[in-house]
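Below is one structure; the comments refer to it alone.
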Amino acid sequence: MKKPIIEVKHLHFTYERQRVLEDITLSINEGDFLGLVGPNGSGKTTLLKCILGLLKPEAGSIKLFGQPIQKFKEWHEVGFVSQKANSFNTGFPASVFEVVSSGLTSKLGLFKFMTKQDRIKVIEAIEAVGLSEFKRRNIGELSGGQQQRAFIARAIVSNPKLLILDEPTVGVDAQTVQSFYEMLMHLNRNLGITLLLVTHDIGTITDKVSHVACINKHLHFHGKSNEFESLKEEEMSDYYGHTLRVLTHNHSH
Numbered sequence: 001m002k003k004p005i006i007e008v009k010h011l012h013f014t015y016e017r018q019r020v021l022e023d024i025t026l027s028i029n030e031g032d033f034l035g036l037v038g039p040n041g042s043g044k045t046t047l048l049k050c051i052l053g054l055l056k057p058e059a060g061s062i063k064l065f066g067q068p069i070q071k072f073k074e075w076h077e078v079g080f081v082s083q084k085a086n087s088f089n090t091g092f093p094a095s096v097f098e099v100v101s102s103g104l105t106s107k108l109g110l111f112k113f114m115t116k117q118d119r120i121k122v123i124e125a126i127e128a129v130g131l132s133e134f135k136r137r138n139i140g141e142l143s144g145g146q147q148q149r150a151f152i153a154r155a156i157v158s159n160p161k162l163l164i165l166d167e168p169t170v171g172v173d174a175q176t177v178q179s180f181y182e183m184l185m186h187l188n189r190n191l192g193i194t195l196l197l198v199t200h201d202i203g204t205i206t207d208k209v210s211h212v213a214c215i216n217k218h219l220h221f222h223g224k225s226n227e228f229e230s231l232k233e234e235e236m237s238d239y240y241g242h243t244l245r246v247l248t249h250n251h252s253h
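The structure is reproduced here in structure tokens:
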């Protein structure tokens, strides 16, 4: 049996008297690649913040790796890449290698020197996201998609078991998005990292992720991606509150 990595039960969250999340129950198991979808303002980012311990739900419970979130201490097991990574100050004078190394500071402490082993880890993380040839390049010289890959490398350098990404492809061109998702599939399948990806990009992800959760205040769907694909358009439109077509790409299977 695969172990649950994230367990959310009967979660409620209200913001300024407005109910944002209502009775959300879902679990993500070891090795899953879950796409969390829903319209703008549906509570996706709020749910992420609750899972990351940044917001406290008014009711319900969250467990990470089997532990109640209030007692969870192993945050190095969790990598996070926010959509804000794209608004990074590109004038910042740091190479890709330095940016990725900064992901080790929680383990190293700010002023400890890197060991040979640490350097190997940084190089492996850079390789895993396909940026080897850019490792000495200044982060500001990279394209938006390449910068986002560098932030993912920073998030995985400490070997997290879970990687959470909030709209990582915002501002990334369509061609890059495709290779970006392929990289995430590589992290999931070859490195065994459990992934939780928040996206509005329904059509692109259904053949990449293993599971989909669709929320719009309530949890409307939680299951395997092929089950999600076979939903009727009317059902999807109900979830989203407006007409929606699920476009899927390059299905040969």
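Following the UniProt record's numbering, the numbering of the sequence shown begins with 1 at its first residue and continues without gaps. Just so it is clear, CB atoms sit at the ideal spot from N, CA and C, and this is done for glycine as well.
In terms of Cβ geometry, residue 80 and residue 52 form a close pair [threshold 8 angstroms]. The three-state reading of DSSP puts residue 60 in strand, counting E and B together. When the five nearest sequence neighbours on each side are left out, the beta carbons in the same chain lying within less than 6 angstroms of the beta carbon of residue 121 are those of 157, in order along the chain. For a cut-off of 8 angstroms, the C-beta gap from residue 183 to residue 129 is around 6 angstroms, short enough to register as a contact. Within the same chain, no Cβ atom closer than 7 angstroms to the Cβ of residue 159 is found once the five residues on either side in sequence are excluded.
The bridge partners DSSP lists for residue 26 are 8. A Cβ-Cβ distance of about 17 angstroms is found for the pair residue 206 and residue 28, leaving them out of contact under the 8 angstroms criterion. DSSP lists 37 and 221 as the bridge partner or partners of residue 214. Just so you know, the alpha carbons of residue 47 and residue 63 end up roughly 13 angstroms apart. The C-alpha of residue 162 is placed about 25 angstroms away from the C-alpha of residue 41. Of the residues 21, 25 and 58, the one whose Cα lies closest to the Cα of residue 44 is 21. Contact check for residue 19 and residue 217: beta-carbon distance about 7 angstroms, within the 8 angstroms limit, so the pair qualifies.
Annotation for residue 198: the continuous beta strand (DSSP E) segment containing it runs 194-198. Rounded to whole angstroms, the gap between the alpha carbons of residue 118 and residue 231 is 46 angstroms. If you keep only unbroken alpha helix (DSSP H) runs of at least 4 residues inside the segment 167-197, you get 174-189. Shown here for residue 224: same chain residues with a beta carbon closer than 8 angstroms to its own, the five before and five after excluded, namely 210, 211 and 212 in chain order.
Shown here for residue 180: same chain residues with a beta carbon closer than 8 angstroms to its own, the five before and five after excluded, namely 145, 148, 149, 168, 169 and 172 in chain order.
Shown here, residue 14 sits in a strand according to DSSP, grouped into three states.
Spanning the alpha carbons of residue 235 and residue 2 requires a straight line of approximately 30 angstroms.
214 is the residue among 214, 131 and 24 whose C-alpha sits nearest the C-alpha of residue 200. The C-alpha of residue 70 is placed about 32 angstroms away from the C-alpha of residue 186. When C-alpha distances from residue 164 are compared across 17, 75 and 25, the shortest belongs to 75. The continuous stretches of beta strand (DSSP E) do not include residue 72, and DSSP gives it neither H nor E.
The beta-bridge partner set that DSSP reports for residue 65 is empty. The alpha-carbon separation between residue 4 and residue 61 amounts to approximately 14 angstroms.
Check the Cα spacing between residue 95 and each of 83, 228, 142 and 25: the tightest is with 142.
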